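Visitor: Mind looking over this structure? Questions follow.
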Amino acid sequence: LTSEWDTAAAHAVVTAAGGEIVIADSDEPLQYNTKESLLNPFFIVRPDSFAG
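Written out as structure tokens, the structure reads:
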């Protein structure tokens, strides 16, 4: 498992490069500071064009 601070910088790089990070179970975007735990759910990093 990873924590929010483990992925925040990489998330910025992925987004700037045209990618996205989504939650594996729901396909929703990974968000920060929105849940009680700082641990991230399982997630997928993919090119933005993969969605849809």
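Those letters in the sequence shown? Residues 713 to 764, by this note's numbering. Virtual Cβ for every residue (Gly too), placed ideally from N, Cα, C. All values derive from a computational prediction rather than experimental measurement.
(1) Quick one: is Asn745 buried, meaning 16 or more other Cβ sit within 10 Å of its Cβ, or exposed?
(2) Suppose you measure from the CA of Ala722 to the CA of Gly731; what does that come to, to the nearest Å?
(3) From the DSSP output, in three-state form, read off Ser761 for me.
(4) Among residues of its own chain, excluding the 5 on either side of Glu740, which ones have a beta-carbon nearer than 7 Å to its beta-carbon?
(5) Excluding the 5 residues flanking Phe754 on each side, which residues of the same chain have their C-beta closer than 8 Å to its C-beta?
Guide: Checking against the coordinates, here is how it stands:
(1) Classified as exposed, Asn745 has fewer than 16 neighbouring CB atoms from the shown chains inside 10 Å of its CB.
(2) Rounded to whole angstroms, Ala722 and Gly731 show a C-alpha spacing of 11 Å.
(3) Correct three-state label for Ser761: helix.
(4) Cβ-Cβ distances below 7 Å link Glu740 to Val734 in the same chain, with the five nearest sequence neighbours on each side left out; the list follows chain order.
(5) Once the five neighbours on either side are set aside, the close Cβ partners of Phe754 are Ile735, Ala736 and Asp737.
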